[in-house]
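What follows is a short report on a single structure.
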Amino acid sequence: MLIAILTQPMDNYTLNVKGVFKNETEKKLEIRIDYSHIRRNYDIPPRKSIYYHMLVIKKNDLPIFLKATNLQNRKALASNPSIFVTGRLLFWKYQDLQLVPLKIQRKKSKIYYIKGKQALQLEKYVGKVVTLKGKVSRENDSPYELDLEVEKVVEAK
10 MLIAILTQPM DNYTLNVKGV FKNETEKKLE IRIDYSHIRR NYDIPPRKSI
60 YYHMLVIKKN DLPIFLKATN LQNRKALASN PSIFVTGRLL FWKYQDLQLV
110 PLKIQRKKSK IYYIKGKQAL QLEKYVGKVV TLKGKVSREN DSPYELDLEV
160 EKVVEAK
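Written out as structure tokens, the structure reads:
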């Protein structure tokens, strides 16, 4: 007996067959699969494919049920490496500081905010062009505004 498991036309799809199990109490065959689909935004969508698996089992009169489990893909948490940022240090609200990049590029320039005790230590560099080494805090969701945890001042002009 041939069993085919087909998907609808999709891209970025994985399909794994865990096995065929015979359920004696309910008198049925269960096929267990795991699948996952990664949704991505493309400017030009790729061709969509039909994903499939074929299983060959002994001839059987029992009804066949498909038990599918959707695996949620989690992004691996990337390590937070230190970055070097150059810009002009300016005052911001509530005694915090703002690091504005010298060359502003569309969709690439980010403004970094330095808050708390670190801002007090860097007040002597306000108005100057500085290069800071630090890590970006992941708390802020804005793509253009990031909180910077300063490790050290590399250069001040």
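According to the working numbering, the sequence shown is numbered sequentially starting from 10. Built from N, CA and C at the ideal position, the CB exists for glycine as well.
query                                                                                                                                                        : result
Near Arg41, what residues of its chain come up, given a Cβ to Cβ distance below 7 Å and the 5 sequence neighbours on each side ignored?                      : Lys27, Gly28, Phe30 and Lys76
What would DSSP say about Leu129, mapped onto helix, strand or coil?                                                                                         : helix
If Leu168 and Gly143 are in contact, beta carbons under 8 Å, what's the gap, nearest whole angstrom?                                                         : In the structure as shown, the chain starts at 10 and stops at 166, and residue 168 therefore has no counterpart that could be examined.
With a threshold of 16 other CB atoms inside 10 Å of the CB of Val159, please say whether the residue is buried or exposed.                                  : buried
Beta carbon of Asn79, beta carbon of Tyr121: below 8 Å?                                                                                                      : no
Within 10 Å of its beta-carbon, does Lys119 have 16 or more other beta-carbons around it, so buried, or fewer, so exposed?                                   : buried
Can you grab the Cα-Cα spacing for the pair Pro9 / Leu24, in whole Å?                                                                                        : Outside the shown range of the chain (10 to 166) lies residue 9, about which nothing can therefore be said.
Going by beta carbon distance, what residues of the same chain come within less than 6 Å of Thr95, once the five residues before and after it are set aside? : Thr140
Please determine if the region 12 to 23 and the region 58 to 69 are in contact, where contact requires at least 3 C-beta pairs separated by less than 8 Å.   : yes
State yes or no: is the C-beta of Lys166 within less than 8 Å of the C-beta of Val138?                                                                       : yes
In the DSSP assignment, what are the bridge partners of Lys76?                                                                                               : Arg41
Please look up how many angstroms separate the CB atoms of Leu131 and Leu155, rounded, as I've assumed it's under 8 Å.                                       : So it is not a contact: roughly 16 Å between Cβ atoms.
What does DSSP give as the partner residue(s) for Pro110 in the beta ladder?                                                                                 : Gly96
Using 8 Å for Cβ pairs, my map puts Glu39 next to Phe93. What's the rounded Cβ distance?                                                                     : Not really, about 56 Å apart at Cβ, beyond 8 Å.
For Tyr103, which of helix, strand or coil comes out of DSSP?                                                                                                : helix
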